[in-house]
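Once you know that position 36 of the sequence shown is 1262 in my numbering, the rest is easy, because the numbers rise by one and skip nothing.
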Amino acid sequence: RSMRLDRQQALWQIRALRDAPLPIFDDAHADDVQVDGPHSDWQLPRSVLPPVSELDDVASDYAAIGLSLKQHPMACVRARVAARGAQPCAVLRDESRTPYGTRIVVAGVVLVRQRPSTAKGIVFMTLEDESGIANLILRPRVYLRYRRAARHAVILLARGIVERRDGVVHILVHRVDDASAEASELASASRNFH
């Protein structure tokens, strides 16, 4: 940013530093831009790069450094998961809004999957969205039925019932869906969220 370039423009400009000729520059015309510096004999065609989506920008941060300071990836897809009934995980903190037994749908990036050998096949998962976390419990038959999504989804949509005990809140899940495949943009970017 200090060079007045966003990531996409910087990556584009860096290609000019390669020693090998770039075939995409073979058809340079009179409206080309002269490059300053050690490679001043090179000509770069004027290019208008397509805008980068907010989610792709966040996913690039995750791919590069494992996090993003711009925003949480779920904020980029909140409207899509809300259309499927998902509420922010923060509602789980408010017992008046989500008392014991409330049916709920949440979505988030999968942080943790655990299947302890002492838990008789029960799978524990933690989802995170831009507002907080949700702890999920999947009984063996639910896990087997939705195994592919439960094991592999990066962004998961979970439907279940809120359970509360001694200040601990979790969702007893009866269905999970892979929400990372809802849109091609999300599916291609989500692989970087690990």
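In this text, a Cβ means the ideal position worked out from N, Cα and C, and glycines have one as well.
One or two residues paired with residue i in a DSSP bridge
i: Val1331; result: Arg1385
i: Thr1352; result: Val1338 and Asn1361
i: Gln1313; result: Val1332
i: Arg1391; result: Val1394
Contact under 8 Å by Cβ, residue i with residue j
i: Ala1285; j: Pro1299; result: yes
i: Gly1327; j: Ile1387; result: yes
i: Leu1337; j: Ile1348; result: no
i: Ala1405; j: Val1307; result: yes
i: Ile1397; j: Val1332; result: yes
i: Leu1281; j: Trp1238; result: no
Residue i versus residue j - alpha carbon distance
i: Ile1359; j: Gln1235; result: 35 Å
i: Leu1353; j: Asn1361; result: 6 Å
i: Arg1323; j: Val1317; result: 7 Å
i: Ala1379; j: Val1402; result: 10 Å
i: Leu1392; j: Glu1321; result: Position check: residue 1392 holds Asp in this sequence, whereas Leu was assumed. The alpha-carbon atoms of Asp1392 and Glu1321 are separated by roughly 12 Å.
i: Leu1293; j: Ser1357; result: 16 Å
i: Thr1344; j: Ile1240; result: 53 Å
i: Val1394; j: Met1351; result: 14 Å
i: Asp1232; j: Asp1355; result: 26 Å
i: Val1399; j: Asp1287; result: 31 Å
i: Tyr1369; j: Arg1339; result: 12 Å
i: Pro1277; j: Pro1366; result: 44 Å
i: Asp1283; j: Leu1243; result: 23 Å
i: Gln1297; j: Arg1329; result: 28 Å
i: Pro1325; j: Met1229; result: 52 Å
i: Ala1305; j: Leu1295; result: 21 Å
i: Pro1342; j: Ser1279; result: 39 Å
i: Glu1389; j: Arg1374; result: 25 Å
Under the three-state DSSP convention, the category residue i falls into
i: Asp1403; result: strand
i: His1378; result: helix
i: Leu1370; result: helix
i: Val1307; result: helix
i: Leu1398; result: strand
i: Gln1239; result: helix
i: Arg1323; result: coil
i: Gln1297; result: coil
i: Cys1302; result: helix
i: Leu1275; result: coil
i: Arg1230; result: coil
*Between the region 1298-1314 and the region 1375-1384, are three or more C-beta pairs nearer than 8 Å?*
yes
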